[in-house]
Each structure stands twice: as C-alpha cells, then as structure tokens.
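Novice:
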Amino acid sequence: MNINQLKYVIKLADTKNFTKAAEELYISQPTLSQQVKLLEKEFGVMLFIRNRKKEVTLTEAGNDFVYYAERILSDIDKLQVALGNYCSPNSGKIRVGLLWTFGYANIDKCMNEFNKRYPLVKIKVYINGSSVLLDELQDNELDCAFVTGNYTKGDHDLINFDLVSQSDILAIMSKKHHLSERTYITAQDLDREMIMMVSKKSNIYPVLKKSLSVPDTNPIIIGESSQADVCLQIAESGLAIAFISAQVMEYANGRDIKGVPFKPTIKRNIYLATMADSYKNNIISMFREFVINYSHNLKK
71 MNINQLKYVI
81 KLADTKNFTK
91 AAEELYISQP
101 TLSQQVKLLE
111 KEFGVMLFIR
121 NRKKEVTLTE
131 AGNDFVYYAE
141 RILSDIDKLQ
151 VALGNYCSPN
161 SGKIRVGLLW
171 TFGYANIDKC
181 MNEFNKRYPL
191 VKIKVYINGS
201 SVLLDELQDN
211 ELDCAFVTGN
221 YTKGDHDLIN
231 FDLVSQSDIL
241 AIMSKKHHLS
251 ERTYITAQDL
261 DREMIMMVSK
271 KSNIYPVLKK
281 SLSVPDTNPI
291 IIGESSQADV
301 CLQIAESGLA
311 IAFISAQVME
321 YANGRDIKGV
331 PFKPTIKRNI
341 YLATMADSYK
351 NNIISMFREF
361 VINYSHNLKK
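In this note's numbering, each residue carries its 1-based index in the sequence shown increased by 70.
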C-alpha cells in the first residue's frame, strides 16, 4: 500500500466512476483499476461493488478504508507542515483556503507576489465557501483561509480575522435597464423587478434578504448565485438584476453592464483567517504578515 493508492480509492469513492476518477487523477482507467485490485488483494477484502457501466459503490470495508485513508493523508499534510518549522525560515509548505472569487479581490496578485518573494514555500490551495473553509481551518485541514463576513476583534477566541479587503455591494443590470441611470437603488425600487439573489451560502445573503424584506417590496427572484461570471452574464443579458461587489465590477469594463450602489449600504469584507496559535508556525506567521502588509499598501 502506498500514498497514491490511498488517493486513488478516495477519488473513486468520491466520483463513483472509474473513468471520471481516472480523468481527475490524470492516470489511465486500466491503471486505476489495477491499483484498486492490488489493494483489495493485499487486504483480502472488496472495497467496491462494480457494475457494467464502470460505476462503483463502496462496501462496508470500503467505507472504513476511505475513513482511515483520509485521516492518514490529513496527518501526512500536518506532518509536512510541522516539520517545515525546523527547516529554513523561508521554506516549507502552507495550505491556503480561497474563495471562488479570489481572482477579483487581488488575492491572486498577493499570493503571486508572496510566491516571488518566498519561492521555497510550497503553496497548496483549496477553494470553497467561507463556512466550509472556516470548518476546515478549525479541523487543521488548512493553515489559513480568505473568508467573507463581518468580524471584529474578540468575535472568536480561537481564530484571528484580519481585514484585507472591503467593497460595497452593487446592483448590476444592463445599461438599457430603466433603473440603470439611478444614483442608487433601494429595496422599494426592486418591487416586481426580476433579480438574481446571492447564494444562500454567501455571508451577504441574510443581510441582503433582510434589506429586501420591507413593506410593498416583492421582487421576482429567478434564482441564486454568487458566481461573478454568472451574475455578470445574467445582468448583461437583461434577464435580471444581480448583486456583486464593486471590486468585482472593476473587471467588467467593456461589458454592457451598469453597477448602481444599493442602499442601505452592504459591505463585502474579506478577511484572512488564521488560528490564534498559528504564531507558533513560522510559515503561517510569515504569510499572514505579508498579506496584511500587502493589503495595507493597496489602500494607500
């Protein structure tokens, strides 16, 4: 048994399909099948139930295998991070959680600059929503994470939240929309208007929903999305009004879209979240300091 075999079984359990798992692992389907069979032969148990369509389901033994395999791989990551503290202070590994819209918030530029300054630090990224990233941070699956929300000092005893970006939420629409020339837009202006609501997974959702829950305001919600490209396309097509941050809107130059400030103002704050005891890790401390300084320089 080796580390790659653990990864193969976990991926196959996730996709439930040999062909798809092989594609995502960048190996051939016969190789994947062979490696799984070798493991089953080594342990003398069936890990998967196969059918004719190359689809699989985990056996009871397979479920146990995946559970422990994930723990082993997680512990290996933790071991690499821990040993990194004993290496050169400018070398090691860091696991960073990113938002889906990280490219619109200068986070990509910040990480690129960090990589240039510290080329011996290996960065491994994981992309997900804020709530999932925070859970993974607390479960020690991440070393730090960029998340959205509204946090102040002392909100959380175990996590530090450093504000790195702040942007107003805009209502975006086609330039041909009758509200596009407004100085700002309120909830009342959206009565009976078709809108694309932000995703329920977004920290903006409860704030925006509360703002829209006023008397005589009944917008027609056609769907939910916080994916920037989807919102921009929906608005540009004239299908509905969507909501994005002013920071994202900066990347919409040349498109037939108008962004109008929404009142009352809703802020989209992005924080770098790190565990309170992360100062013990040289690489995490170095990364945190770099991100904070980088964000401060952008604000000047």
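Note that beta-carbon positions come from the ideal geometry of N, C-alpha and C, so glycine has one too.
Can you tell me whether DSSP reads E211 as helix, strand or coil?
Specialist: Note: E211 maps to coil in three-state DSSP.
Novice: Helix or strand or just coil, what does DSSP make of M319?
Specialist: Correct three-state label for M319: helix.
Novice: Taking 7 Å as the threshold (C-beta atoms), are V217 and S365 in contact?
Specialist: Against a cut-off of 7 Å, the Cβ pair of V217 and S365 comes out as no contact.
Novice: Within 10 angstroms of its Cβ, does K328 collect 16 or more other Cβ (buried), or is it exposed?
Specialist: That one is buried.
Novice: My guess is that A343 and L228 are in contact by the Cβ rule of under 8 Å, so how many angstroms apart are they, rounded?
Specialist: Not a contact, Cβ separation roughly 10 Å.
Novice: When the distance is taken between beta carbons, is A175 closer than 7 Å to I340?
Specialist: Result yes, Cβ atoms of I340 and A175 sit closer than 7 Å.
Novice: Can you tell me whether DSSP reads I327 as helix, strand or coil?
Specialist: Strand, per DSSP.
Novice: Does the contact criterion of 3 or more C-beta pairs under 8 Å hold for the stretch 253–260 versus the stretch 295–305?
Specialist: No, because fewer than three Cβ pairs between the stretch 253–260 and the stretch 295–305 fall closer than 8 Å, the two stretches do not touch.
Novice: If you compare alpha carbons, which of I242, I164, V202 and F118 is closest to P189?
Specialist: Cα-wise, what sits closest to P189 is I164.
Novice: Could you tell me which uninterrupted alpha helix (DSSP H) segments, each at least 4 residues in length, are contained entirely in the stretch 252–277, listed from first to last along the chain?
Specialist: For the stretch 252–277, not a single whole alpha helix (DSSP H) run of length 4 or above is found.
Novice: M266 and A312 - do their beta-carbons sit closer together than 7 Å?
Specialist: Going by C-beta atoms, A312 is nearer than 7 Å to M266.
Novice: Could you tell me the alpha carbon to alpha carbon distance between F88 and I197, rounded to whole angstroms?
Specialist: Taking the straight line from one Cα to the other gives about 24 Å.
Novice: Which residue wins for smallest C-alpha separation from G219, given the options V277, L102 and D84?
Specialist: For the residues V277, L102 and D84, the minimum Cα distance to G219 belongs to V277.
Novice: By Cβ distance, which residues of its chain are closer than 7 Å to L437, with the 5 residues on each side in sequence left out?
Specialist: This structure gives no information on residue 437, because the portion of the chain shown stretches from 71 to 370.
Novice: Below 6 Å CB to CB, which residues in the same chain sit around K350 once its five sequence neighbours on both sides are set aside?
Specialist: Once the five neighbours on either side are set aside, K350 has no close Cβ partner at all.
Novice: In this structure, does DSSP put M345 in helix, strand or coil?
Specialist: It is a strand residue.
Novice: As a quick exercise: from V115, K124 and K123, pick the residue whose alpha carbon is nearest that of E130.
Specialist: With distances taken between Cα atoms, E130 lies closest to V115.
Novice: Comparing alpha-carbon positions, which option in E211, N273, Q236 and L168 lies nearest D145?
Specialist: For D145, the nearest C-alpha among the options comes from E211.
Novice: What residue range does the alpha helix (DSSP H) around D178 cover?
Specialist: D178 -> alpha helix (DSSP H) spans I177 to R187.
Novice: Based on DSSP bridge pairs, tell me the residues matched to N339.
Specialist: Q236.
Novice: Could you tell me which uninterrupted beta strand (DSSP E) segments, each at least 3 residues in length, are contained entirely in the stretch 97–173, listed from first to last along the chain?
Specialist: List check, beta strand (DSSP E) in window: 118–120, 126–128 and 162–168.
Novice: According to DSSP, what are the bridge partners of Y196?
Specialist: Answer is G167.
Novice: Can you find at least 3 beta carbon pairs, one from the stretch 291–300 and one from the stretch 237–249, that sit closer than 8 Å?
Specialist: At 8 Å Cβ cutoff, the stretches do not touch.
Novice: Using C-beta distances below 6 Å, list every residue in its chain close to G132, excluding the 5 sequence neighbours before and after it, in chain order.
Specialist: So the list reads L117 and F118, once near-sequence residues are dropped.
Novice: Please report the residue range of the alpha helix (DSSP H) in which I304 lies.
Specialist: Looking at the DSSP string, the run of the alpha helix (DSSP H) that includes I304 is A298 to S307.
Novice: Can you give me the start and stop residues for the beta strand (DSSP E) that I291 sits inside?
Specialist: Looking at the DSSP string, the run of the beta strand (DSSP E) that includes I291 is I290 to E294.
Novice: What's the gap between the Cα of L204 and the Cα of I177?
Specialist: Cα to Cα, L204 sits roughly 17 Å from I177.
Novice: Whole angstroms is fine: what's the gap from S200's alpha carbon to F357's?
Specialist: About 19 Å.
Novice: Can you find the residues in the same chain that come closer than 6 Å, C-beta to C-beta, to K333, ignoring five residues on each side of it along the sequence?
Specialist: Counting only Cβ-Cβ distances below 6 Å, and skipping sequence neighbours, we find Y254 and T256.
Novice: When DSSP labels each residue in this structure, what does N352 get in the three-state scheme?
Specialist: Helix, per DSSP.
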